[in-house]
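**Student:**
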Amino acid sequence: MRRRKTVEDRVLDSIIAVVLVIIVFVTVYPFYYILLITFNAGTDTAAGGMYLWPRSFTLGNYLYFLENPKWIKSLGISVLRTVIGTSLAVLFTCLVAYGLSKRDLIFRRSYFLIVIVSMNFSGGLISYYIVLKSLKLINTFGVYVIPSMLNLFFLLIAISFFREIPDELGESARMDGASEIRIFTKIILPVSMPLLATMSLFLGSGQWNSWLDSAYFVQDEDLRTLTYRMMQVINQSMVPSGEAQMAAMSRSSVTPFSIQATAMVISIVPILGVYPFLQKHFVSGIMLGSVKG
Numbered sequence: 002m003r004r005r006k007t008v009e010d011r012v013l014d015s016i017i018a019v020v021l022v023i024i025v026f027v028t029v030y031p032f033y034y035i036l037l038i039t040f041n042a043g044t045d046t047a048a049g050g051m052y053l054w055p056r057s058f059t060l061g062n063y064l065y066f067l068e069n070p071k072w073i074k075s076l077g078i079s080v081l082r083t084v085i086g087t088s089l090a091v092l093f094t095c096l097v098a099y100g101l102s103k104r105d106l107i108f109r110r111s112y113f114l115i116v117i118v119s120m121n122f123s124g125g126l127i128s129y130y131i132v133l134k135s136l137k138l139i140n141t142f143g144v145y146v147i148p149s150m151l152n153l154f155f156l157l158i159a160i161s162f163f164r165e166i167p168d169e170l171g172e173s174a175r176m177d178g179a180s181e182i183r184i185f186t187k188i189i190l191p192v193s194m195p196l197l198a199t200m201s202l203f204l205g206s207g208q209w210n211s212w213l214d215s216a217y218f219v220q221d222e223d224l225r226t227l228t229y230r231m232m233q234v235i236n237q238s239m240v241p242s243g244e245a246q247m248a249a250m251s252r253s254s255v256t257p258f259s260i261q262a263t264a265m266v267i268s269i270v271p272i273l274g275v276y277p278f279l280q281k282h283f284v285s286g287i288m289l290g291s292v293k294g
């Protein structure tokens, strides 16, 4: 039987509803405001007083990026490094984790010791640069994807996940003559979708948002990423002769602030587009390794 709400219940529900509305507004409105700026003339935005909708609608901020081949090229590099880098990282990390999940693996403790030490100690930026240079990765596209192929954090999570898969699945396939690679690709990976989706989302967003490797290890302008360009615009907008200032002079409706906002929107749209498709796996995948069997 449904209990009738008392006055105290209604007051409490009202307070909770108000608090939730405030939280939603505080969370969503900054994103909406940034989107609003991108569709409004930059000079008009600078005048202030715009809160709910574009006062002087324009697509000039987006045309600034679309008409600039440098930004289009950077967008292509970011897409490529996200797709290739994420695919290789997920595949390679899962391959290593599957091997380490085998309890009869020779020198398994030694491998785990190497992983734990690597997670807690770093050689620093200079030694990292020397390693990349000795591997001839400096100023190449490979510097974006090869060093990140093995993610130690997700390696431990994947090992825990693979250990939960019943051994009988693999044993029955081995009795039919299947190799370990075939078992991994045809049996293990298909039942590991929550793990793969979670790894893809985190590693993909990391690849998309990363700009330090583009700043430190790449000098070729054709290999710059979108996030590096965005960082460049933000820095240059703080000096009088910056690129954004020049754009503002050549386009009366475009300002450094509107360029920054548009770059932010362009950089987050792909992640927002992918997230709904991975969300159903992400909810279960985020709990991986949190419960001991």
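Going by the numbering used here, the sequence shown opens with residue 2, and the numbers climb by one from there. Glycine included, C-beta positions come from ideal geometry on N, C-alpha and C.
1. Taking the straight line between their C-alpha atoms, what separation do you get for GLY61 and GLY43?
2. On the three-state DSSP scale, how would you describe ASN69?
3. From this set, ILE131, LEU96 and LEU224, which residue's C-alpha is nearest TYR145's C-alpha?
4. I'd like the span of the alpha helix (DSSP H) that includes ALA179, first residue to last.
5. Around the C-beta of VAL91, are 16 or more other C-beta atoms found within 10 angstroms, so that it is buried, or is it exposed?
6. Count the other C-beta atoms from every protein chain shown that fall within 10 angstroms of the C-beta of ASN152, then say buried if there are 16 or more, exposed otherwise.
7. Cutting at 8 Å between CB atoms, please list the residues of its own chain near PRO55, excluding the five before and the five after it.
8. Label ARG230 either buried or exposed according to how many other C-beta atoms from any shown protein chain fall within 10 Å of its C-beta, with 16 as the threshold for buried.
9. Would you decide whether ILE131 is buried or exposed? Buried here means 16 or more other CB atoms lie within 10 Å of its CB.
10. According to DSSP, is PHE58 helix, strand or coil?
11. ILE272: which of VAL29, TYR217, THR141 and TRP209 sits nearest, CA to CA?
12. Counting Cβ pairs closer than 8 Å, one from the region 161 to 175 and one from the region 92 to 105, do we hit at least three?
13. Just grab the DSSP bridge partners of ASN41 for me.
14. Do you know whose CA, among ASP45, PRO277 and ARG11, lies nearest THR59's CA?
15. CA-CA distance, ILE158 and SER119?
16. In angstroms, rounded to a whole number, what distance separates the CA positions of VAL292 and THR83?
17. Would you tell me roughly how many angstroms separate the C-alpha atoms of GLY171 and GLY205, rounded to the nearest one?
18. Would ILE267 and VAL234 qualify as a contact pair, given that the criterion is a beta-carbon distance under 8 Å?
19. Give the list of continuous beta strand (DSSP E) stretches no shorter than 3 residues that lie fully inside the region 88 to 163.
20. For a test of the three-state rule: what should DSSP assign to LEU21, helix, strand or coil?
21. Note the first and the last residue of the continuous alpha helix (DSSP H) segment covering MET194.
22. Beta-carbon separation of TYR65 and VAL275 under 8 Å?
23. Mapping DSSP to helix, strand and coil, what is GLY274?
24. For LEU190, name the three-state secondary structure that DSSP assigns.
25. Which term fits VAL219, buried or exposed, when burial requires 16 or more other beta carbons within 10 angstroms of its beta carbon?
**Tutor:** Put simply:
1. 9 Å
2. coil
3. LEU224
4. Here ALA179 belongs to no alpha helix (DSSP H), and DSSP marks it neither H nor E.
5. buried
6. buried
7. LEU37, PHE40 and ASN41
8. buried
9. exposed
10. strand
11. TRP209
12. yes
13. PHE58
14. ASP45
15. 16 Å
16. Since pLDDT at VAL292 reaches only 49, below the 50 mark, its modelled position is unreliable, and no value is offered.
17. 30 Å
18. no
19. none
20. helix
21. 194 to 210
22. no
23. helix
24. coil
25. buried
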